[in-house]
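Student: Residue numbers (the working numbering), protein chains in the order written: chain A, 93 to 174; chain B, 508 to 859; chain C, 27 to 275. Just so you know, even glycine gets a beta-carbon here, dropped at the ideal spot from N, CA and C. All of these numbers come straight from a predicted model, not from anything done at the bench.
Dropping the structure here:
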């Protein structure tokens, strides 16, 4: 399974990641207020590790890891830009 | 030692090269033009950097960058250009960066003229830019002294991490005098561990004058203040002539002191016990020179190529212990020895 | 597990003081990624400007100097002339670069100073509270153009890439937007090319980045991104304005 790590205390609640997530798995977690005073972003299951969220996030909230099988290439967004 | 006949501006340039100046950034202005011309010719030959900047403002900020990168660096200009550099000088002082700034002063205010003047005294010694800061200011009165002070200026800049200014004037810059370039041993200089050279093998280095937290900015200012007090205690320089027996003192610096010297000779021939106090550092101001002669001094005459700027420091140094008189010529006019002699007689007459 | 994204090591762990949705965070990260990719963290020196990004030295984990307003290209020149084998970049905003520092940027470009300039154009003064910038669009409301920028009173936006591209000095001049994922990746490739130009000693490179300022534009972060695409790019078309692969003598 792909891994999406969210450093919730870095999130400023701008919501850009929520807009760009192709799987629409990101949302604000209104049950918490983080260190900076925002409702931080949270993720449901189903991350495809495309890296869109980490690409648009101004605050390095995300770390993204793709579960790859032997020989499989990672079609990550960052590669496509080059 | 070989004695060379050189123009003040060119001798200054050669001394800077010999003192290890790695780069020069400047913008053309009269009457210091021979200095950058000399460096433009000589620096590239010796593998150093000469760059004519687009403005005085750019030049002083190039100095900031180069100084921050650890280089021995200088700029030179004249009054109007120094006014433009004040922003950068404030930043250099705030970020504690060493450099040499040469001001070959011309008549002001505004565009003024290109004749010799000393009307940048306030600007040099009181700052001129924003914030609490000081620059060490040297005022040589001969080409030889100019050369010798260049070495010291670079060394003091490095030792105290502070800009040093050499305040000359058009006459000093233009006149030719014999000069010897002594191989002066450098003072023990601290390593520039703070320079931004790339963080290889160490933590991050930052050059900044920004302290958003007022508690930290106050601490920074106190730290600078401590440094300035140390400079005041250790780096005052002056020359006293006839200090042993003089009663009437002329106080003058730079080219003015040369003329004043002739005037006190005339006064002594006329039976007046005249002496001369010549500050070599204008900041820190050599108050001790006054203390040393105060027991027999009857009066002081400040002579300037300006309308009463150094007189403030003379009065602060005398501190009411004797009368202080003034004689000045502004606008690029230079008094004769006779003029000053007459003022000495007036001082004596008024003080009896 | 394959890493798709982690914090570049040329960025510190510190949280930035930037507002939610501010473009500075994105651009800082792109620059840091490129520094990592070229493996030049230990030989790069950055210059922080006056403006919102004045504290950039607290975010990048490289040697940095803070410059007076508009003077970053002059400071960069001083550093680069002393240390020609280091990589030197100036990070500047639109007020810094296109208003108070126009002389410095034009002449650094004219000298083909072998430095890289990252130029953040968000059409407004951020730190001082939303005043008109040299790049403010005609009709755009700011603190000091409360009725919208009227060319009769306040003139027209300054187009830096267009101006610099007609000069002989620059090696690489490009404009990008960071308004969506695709554009951000495009921006990164342009910034990377600019650094590559410097590393290969080809001379002056500048990338202008159309960047959001949701707070002072009075928009949500999402709307700010859309405004870049819909309005800013009309006045400031993205693209490569100059590209010359000659090596400096």
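Using only alpha-carbon positions, find the residue among B:786, B:577, B:616, B:588 that is nearest to residue 699 of chain B.
Tutor: In the second chain, counting from the first residue as 1, residue 699 of chain B sits at position 192. Answer by Cα proximity: B:577.
Student: Select from B:701, B:627, B:759 the residue whose C-alpha is nearest the C-alpha of residue 673 of chain B.
Tutor: For the purposes of this step, residue 673 of chain B is taken as the residue at position 166 of the second chain. With distances taken between Cα atoms, residue 673 of chain B lies closest to B:627.
Student: Consult DSSP for residue 568 of chain B and reduce its assignment to one of helix, strand or coil.
Tutor: Along the second chain, read from residue 1 onward, the residue named residue 568 of chain B stands at position 61. Three-state result, residue 568 of chain B: helix.
Student: Give a yes or no on whether the minimum CB-CB distance between residue 148 of chain A and chain C is below 8 angstroms.
Tutor: Working through the first chain from its first residue, we reach residue 148 of chain A at position 56. By this cut-off, residue 148 of chain A is an interface position.
Student: From the DSSP output, read off the bridge partner residues of residue 147 of chain C.
Tutor: Looking up residue 147 of chain C in the third chain gives position 121. DSSP, once it has assigned bridges, lists C:236 as partnering residue 147 of chain C.
Student: Taking residue 223 of chain C as the query, report the chain A residues whose CB atoms sit under 7 angstroms from its CB, ordered along the chain.
Tutor: Numbered from its first residue, the third chain carries residue 223 of chain C at position 197. The premise fails here: residue 223 of chain C is roughly 16 angstroms from chain A at the closest Cβ pair, so nothing lies under 7 angstroms.
Student: Rounded to whole angstroms, what is the Cα-Cα separation between residue 527 of chain B and residue 790 of chain B?
Tutor: As a first step, residue 527 of chain B is located in the second chain; it is residue number 20 there, counting from the start. As a first step, residue 790 of chain B is located in the second chain; it is residue number 283 there, counting from the start. Straight-line Cα distance between these residues: approximately 24 angstroms.
Student: Which value, in whole angstroms, describes the spacing of the CA atoms of residue 615 of chain B and residue 536 of chain B?
Tutor: Counting from one through the second chain, the residue named residue 615 of chain B turns up at place 108. Counting from one through the second chain, the residue named residue 536 of chain B turns up at place 29. Rounded to whole angstroms, residue 615 of chain B to residue 536 of chain B spans 14 angstroms at the Cα level.
Student: Please report how far the alpha carbon of residue 95 of chain A lies from the alpha carbon of residue 35 of chain C, in whole angstroms.
Tutor: Position 3 of the first chain, counted from the start, is the residue given in the question as residue 95 of chain A. Position 9 of the third chain, counted from the start, is the residue given in the question as residue 35 of chain C. If you take the alpha carbons of residue 95 of chain A and residue 35 of chain C, they lie about 20 angstroms apart.
Student: Count the other C-beta atoms from every protein chain shown that fall within 10 angstroms of the C-beta of residue 650 of chain B, then say buried if there are 16 or more, exposed otherwise.
Tutor: What you label residue 650 of chain B is simply residue 143 of the second chain in a count that begins at 1. Buried is the call here.
Student: Tell me whether residue 159 of chain C counts as near the ligand NAD, meaning its Cβ is closer than 7 angstroms to at least one heavy atom of that ligand.
Tutor: The model on display carries no ligand, and the ligand NAD is accordingly not part of it.
Student: What does residue 88 of chain C touch in chain B if you count any residue whose Cβ is under 8 angstroms from its own?
Tutor: Against the third chain, residue 88 of chain C aligns to sequence position 62. Here the neighbours are 705, 706, 711.
Student: Leaving aside the five residues before and after residue 113 of chain A along the sequence, list all residues of the same chain whose C-beta is less than 8 angstroms from its C-beta, in chain order.
Tutor: Reading the first chain from its first residue, position 21 is the one you call residue 113 of chain A. Excluding positions up to five away in sequence, the list reads 144, 145.
Student: Residue range of the alpha helix (DSSP H) that residue 223 of chain C falls in?
Tutor: Within the third chain, numbered from 1, the residue matching residue 223 of chain C stands at position 197. Segment 207 to 225, the alpha helix (DSSP H) holding residue 223 of chain C.
Student: Check whether the Cβ of residue 31 of chain C lies closer than 8 angstroms to any Cβ atom in chain A.
Tutor: In the third chain, the residue the question calls residue 31 of chain C occupies position 5. By this cut-off, residue 31 of chain C is an interface position.
Student: In its own chain, which residues sit with a C-beta less than 7 angstroms from the C-beta of residue 126 of chain A, not counting the 5 before and 5 after it?
Tutor: Start at 1 with the first residue of the first chain, and residue 126 of chain A comes out as number 34. Cβ within range, chain order: 100, 101, 103, 132.
Student: Under three-state DSSP, which class holds residue 681 of chain B?
Tutor: Translated into the one-based positions of the second chain, residue 681 of chain B becomes position 174. Helix at residue 681 of chain B.
Student: Indicate whether at least one CB of chain C lies closer than 8 angstroms to the CB of residue 156 of chain A.
Tutor: Stepping through the first chain from its first residue, residue 156 of chain A is reached at position 64. Chain C, which has a Cβ nearer than 8 angstroms to the Cβ of residue 156 of chain A, makes this yes.
Student: Identify every run of the beta strand (DSSP E) within the stretch 541 to 615 of chain B, keeping only runs that are complete inside it and at least 3 residues long; order them along the chain.
Tutor: Counting whole runs of 3 or more residues, the stretch 541 to 615 of chain B contains the beta strand (DSSP E) stretches 556 to 559, 580 to 584, 606 to 612.
Student: Taking C-beta to C-beta, are residue 681 of chain B and residue 515 of chain B nearer than 8 angstroms?
Tutor: To locate residue 681 of chain B, count along the second chain from 1; it is residue 174. To locate residue 515 of chain B, count along the second chain from 1; it is residue 8. Yes, these two residues count as a Cβ contact at 8 angstroms.
Student: According to a CB-to-CB cut-off of less than 9 angstroms, which residues of the stretch 37 to 71 of chain C neighbour chain B?
Tutor: Going along the stretch 37 to 71 of chain C in chain order, one finds 38, 66, 67, 68, 69, 70, 71 with a Cβ nearer than 9 angstroms to chain B.
Student: Do the stretch 155 to 173 of chain C and the stretch 121 to 140 of chain C make contact, defined as three or more Cβ pairs closer than 8 angstroms?
Tutor: In short, these stretches touch, since the Cβ pair count reaches three.
Student: Kindly indicate which residue of B:646, B:833, B:734, B:620 has the alpha-carbon position closest to the one of residue 765 of chain B.
Tutor: Numbered from its first residue, the second chain carries residue 765 of chain B at position 258. Checking every option, the nearest Cα to that of residue 765 of chain B belongs to B:646.
Student: Would residue 554 of chain B be called buried (16 or more neighbouring beta carbons within 10 Å of its own) or exposed?
Tutor: In the second chain, counting from the first residue as 1, residue 554 of chain B sits at position 47. Exposed: under 16 other Cβ atoms inside 10 Å.
Student: Residues in the stretch 551 to 570 of chain B with C-beta within 9 angstroms of chain E's C-beta atoms, listed in sequence order?
Tutor: No chain E appears in this structure, whose protein chains are A, B and C.
Student: What is the C-beta distance between residue 770 of chain B and residue 757 of chain B, in whole angstroms, given that I count them as a contact (C-beta under 8 angstroms)?
Tutor: In the second chain, counting from the first residue as 1, residue 770 of chain B sits at position 263. In the second chain, counting from the first residue as 1, residue 757 of chain B sits at position 250. That pair is a contact at about 7 angstroms.
Student: In the DSSP assignment, what are the bridge partners of residue 530 of chain B?
Tutor: Position 23 of the second chain holds residue 530 of chain B. Partner(s): B:556, B:580.
Student: Would you report the Cα separation of residue 801 of chain B and residue 531 of chain B, rounded to the nearest angstrom?
Tutor: Here residue 801 of chain B is taken as the residue at index 294 of the second chain, counted from 1. Here residue 531 of chain B is taken as the residue at index 24 of the second chain, counted from 1. Their backbone Cα atoms lie some 43 angstroms apart in a straight line.
Student: Report the partner residues of residue 118 of chain C according to the DSSP bridge assignment.
Tutor: For the purposes of this step, residue 118 of chain C is taken as the residue at position 92 of the third chain. Looking at the DSSP assignment, residue 118 of chain C forms a beta bridge with C:145.
Student: The stretch 113 to 143 of chain A: which residues have C-beta closer than 9 angstroms to a C-beta of chain C, in chain order?
Tutor: Result list: 127, 128, 130, 141, 142, 143.
Student: From what residue to what residue does the beta strand (DSSP E) around residue 95 of chain A run?
Tutor: Here residue 95 of chain A refers to the residue found at position 3 when the first chain is read from its first residue. Run containing residue 95 of chain A: 95 to 98, per the beta strand (DSSP E) assignment.
Student: Within 10 angstroms of its Cβ, does residue 50 of chain C collect 16 or more other Cβ (buried), or is it exposed?
Tutor: Taking the first residue of the third chain as position 1, residue 50 of chain C is located at position 24. Looking at its Cβ environment, which holds 16 or more other Cβ atoms inside 10 Å, residue 50 of chain C is buried.
Student: Quick check: the Cα distance between residue 829 of chain B and residue 763 of chain B, rounded to an integer number of angstroms?
Tutor: Residue mapping note: residue 829 of chain B aligns to position 322 of the second chain, counting from 1. Residue mapping note: residue 763 of chain B aligns to position 256 of the second chain, counting from 1. Going by the C-alpha atoms only, they are around 22 angstroms apart.
Student: Excluding the 5 residues preceding and the 5 following residue 664 of chain B in the sequence, name in chain order all residues of the same chain whose CB lies nearer than 7 angstroms to its CB.
Tutor: The sequence position of residue 664 of chain B within the second chain is 157, counting from 1. Contacts found: 605, 606, 607, 670, 671.
Student: According to the Cβ coordinates, are residue 230 of chain C and residue 197 of chain C closer than 8 angstroms?
Tutor: On the third chain, position 204 is the one that residue 230 of chain C refers to. On the third chain, position 171 is the one that residue 197 of chain C refers to. Closer than 8 angstroms, so yes.
Student: Assign residue 182 of chain C to one of two classes, buried (16 or more other C-beta atoms within 10 Å of its C-beta) or exposed (fewer than that).
Tutor: Numbered from its first residue, the third chain carries residue 182 of chain C at position 156. Under this definition residue 182 of chain C is an exposed residue.
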